[in-house]
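Working notes, beginning with the structure itself.
Protein chains in written order, with my numbering: chain R, 39 to 473; chain S, 1339 to 1588.
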């Protein structure tokens, strides 16, 4: 009863109006419009997540963001010019970039990736009636909201057996002020294909107080190998809520890395299903938070078949009054014998008011498995600091070196050297800007 | 002017006085041994000279070439040439030894207004020193002291000493945890650094180390004071008679 009452609060009504207004501008009609309406109804039933929903206990969106802002208008020529500068500043050397500005794919800012990748847009698919692309998981309100309001996104498909020579980097640029950007990206990696994909979230000059609502739908076919890197560098007053729905086939390999240094409030929730035997999953994450930032990484790893391995390594560096959240759930279904699942999370608290919450959950229904988790939180080790200072490093340099090493434990999992160095460079810049 | 002058130094930790009006003078070119039983304050003295936080100096002073050492941050002391070889060198995962050595050396040089070492010069120098200390190259690529044996950790301390070329080297219980072969290698490394413009202070519980690093002066500490000073023969005397006689004197 309580939930129904809450859904009808001011927040619920505001969103209702939002959908009514946005509807006209959303691509797709007929079945697609119907799918959107269903998704929106699912969202309305649940409402904006709040602390009494167990999965959102540490990230109460009703308290933190209060409402979903109105959908952003399509970017104009001047906005695209502003976005150009952001793309230049954030593109990773050696990768092919695909650019979304305020939720619209912009070909003139994008490169042409290798021929083994086929690139399209969600907009053209929806206009063509592909309503299944909006199938929403009715269990999570934010996934439903995304299906209801997605304006565009990248549709990426890598052919069977092919190997992308260059990583593809999708850059989500926000130029908006006080508006929501809603996108949905699909990646299909063919059998035995190999690829690296980076998603970056960045603001253009002047972007302010915006919300990014993104979804990433990935399928990794048998024997394929995917490296997926997410870099959340939104402006310090922005909101980023992204859901990843990822399925992995047999004898496949997925390395997922997430680094959040931007955004006032951010949440990445990854739902990863290991559905084919003998696959390996590694998820590594870094939160670099300061001021009053709130950064949440929530992972649900579902072992449904025997013989898969999952590893999660998470590092949080939390300064000032910032708040870092890591929730990791590992589900081992009755058939998933010989599962090997581990997670390890460590938080470095750089101030007395910094906060880190960690919630590991193991749901094991098979009897022949190896699963475990470990977590620590604390300050920098005084003995290590003194050792470095006794060797001539200033307090600031000694701290920076130790934090870099701490973060490096998660970053080193990125196999591509260029990407790994780019990510380490971002972490270093964060450290330099700290003092 | 002496290199190091500790004058009437009293130090507290958690309301407990560990050093009581301790005095010690060390000149360039000298090798001093500080001996004493566990808990006599030897390590505290070395920590206070290096600038470890957590110690309260209640009276006295420490001068380094006439400058007030206690007013300096630990890194300023290092840049001026104070080096403490730790009894328990820490492990720093994720910081490659080579990177650490270069960062530290260049930080010290920068603080002294000297130019930073170029990478080829630096590498050449590290390789030379590492070779003389029997430190394999792959150790330098690993995290600082990560997975090193006790002997390797101590050799890594001496490697740093050789690289940073400090004016004052304090070796805190360098012999602890070392077998005789490891001890000999470490001691040879230290002896190679003896020089007319460098002083070495060896802190040890046992006389054994002093067979390898022969001191000019020996001081006996007990209960936070230097209770006796003499030449190298004092160490042998102690080996015969033990510390018990000094426990009473203090």
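Yeah, the Cβ is synthetic: ideal placement off N, Cα and C, and Gly gets one too.
Under 8 angstroms between C-beta atoms, does residue i make it to chain S?
i: residue 14 (chain R); result: With chain R represented from 39 up to 473, any question about residue 14 (chain R) goes unanswered, as that position is not in the structure.
i: residue 396 (chain R); result: no
i: residue 443 (chain R); result: yes
i: residue 326 (chain R); result: no
State the CB to CB distance for the pair residue i and residue j, rounded to an integer number of angstroms; the pair is presumed to be in contact (CB under 8 angstroms).
i: residue 286 (chain R); j: residue 326 (chain R); result: About 28 angstroms separates the two Cβ atoms, so there is no contact after all.
i: residue 1501 (chain S); j: residue 1439 (chain S); result: 6 angstroms
i: residue 408 (chain R); j: residue 378 (chain R); result: 5 angstroms
i: residue 130 (chain R); j: residue 236 (chain R); result: 6 angstroms
i: residue 125 (chain R); j: residue 159 (chain R); result: That belief does not hold up - the Cβ atoms of residue 125 (chain R) and residue 159 (chain R) are roughly 17 angstroms apart, past 8 angstroms.
i: residue 290 (chain R); j: residue 261 (chain R); result: 6 angstroms
i: residue 401 (chain R); j: residue 381 (chain R); result: With 8 angstroms as the limit, residue 401 (chain R) and residue 381 (chain R) do not qualify as a contact, their Cβ atoms being about 13 angstroms apart.
i: residue 1489 (chain S); j: residue 1520 (chain S); result: 3 angstroms
i: residue 1431 (chain S); j: residue 427 (chain R); result: The Cβ separation is near 18 angstroms, so there is no contact.
i: residue 1493 (chain S); j: residue 1473 (chain S); result: 6 angstroms
i: residue 1467 (chain S); j: residue 1497 (chain S); result: 6 angstroms
For residue i, return the contacting residues in chain R, with the cut-off set at a CB-CB distance below 9 angstroms.
i: residue 1441 (chain S); result: 426, 429, 430, 431, 435 and 439
i: residue 1413 (chain S); result: 426, 427, 428, 429, 430, 431, 432, 433, 435 and 436
i: residue 1484 (chain S); result: What residue 1484 (chain S) touches in chain R: nothing, since even the nearest Cβ is about 10 angstroms away.
Does residue i pass the burial test, meaning 16 or more other C-beta atoms within 10 Å, or should it be called exposed?
i: residue 1462 (chain S); result: exposed
i: residue 137 (chain R); result: buried
i: residue 1380 (chain S); result: buried
i: residue 1368 (chain S); result: buried
i: residue 1518 (chain S); result: exposed
i: residue 420 (chain R); result: exposed
i: residue 1443 (chain S); result: buried
i: residue 340 (chain R); result: buried
i: residue 59 (chain R); result: exposed
i: residue 47 (chain R); result: Bear in mind that a pLDDT of 48 at residue 47 (chain R), under 50, signals an unreliable position, so the number given afterwards is only what the model happens to contain. Exposed is the call here.
i: residue 405 (chain R); result: exposed
i: residue 42 (chain R); result: Low confidence applies here, because residue 42 (chain R) scores a pLDDT of 40, under 50, leaving its location unreliable; read the following figure in that light. Residue 42 (chain R) should be labelled exposed.
i: residue 1542 (chain S); result: buried
i: residue 403 (chain R); result: exposed
i: residue 384 (chain R); result: buried
i: residue 205 (chain R); result: buried
i: residue 238 (chain R); result: buried
When you compare the CB of residue i with every CB in chain R, is at least one pair closer than 8 angstroms?
i: residue 1422 (chain S); result: yes
i: residue 1432 (chain S); result: yes
i: residue 1399 (chain S); result: no
i: residue 1545 (chain S); result: no
i: residue 1468 (chain S); result: no
i: residue 1425 (chain S); result: no
i: residue 1446 (chain S); result: yes
i: residue 1505 (chain S); result: no
i: residue 1388 (chain S); result: yes
i: residue 1409 (chain S); result: no
i: residue 1449 (chain S); result: yes
i: residue 1342 (chain S); result: no
Name the chain S residues whose beta carbon is nearer than 7 angstroms to that of residue i?
i: residue 446 (chain R); result: 1432
Quick one: list the residues of chain R neighbouring residue i, beta-carbon separation under 8 angstroms, in chain order.
i: residue 1573 (chain S); result: Residues of chain R passing the Cβ test: none, with the nearest at roughly 27 angstroms.
i: residue 1391 (chain S); result: 420 and 424
i: residue 1498 (chain S); result: 429
i: residue 1537 (chain S); result: In chain order: nothing, as chain R lies at least about 17 angstroms away.
What are the residues that DSSP puts in a beta bridge with residue i?
i: residue 355 (chain R); result: R:326 and R:386
i: residue 263 (chain R); result: R:232 and R:291
i: residue 1481 (chain S); result: S:1434
i: residue 409 (chain R); result: R:379
i: residue 394 (chain R); result: R:362
i: residue 1567 (chain S); result: S:1557
i: residue 206 (chain R); result: R:134 and R:235
i: residue 444 (chain R); result: Answer is none; residue 444 (chain R) lacks a bridge partner.
i: residue 543 (chain R); result: Because chain R in this structure spans residues 39 to 473, residue 543 (chain R) falls outside the shown range and cannot be described.
i: residue 184 (chain R); result: For residue 184 (chain R), which the question treats as bridged, DSSP gives no partner whatsoever.
Taking residue i as the query, report the chain R residues whose CB atoms sit under 7 angstroms from its CB, ordered along the chain.
i: residue 1428 (chain S); result: 421, 422 and 425
i: residue 1416 (chain S); result: 428, 429 and 430
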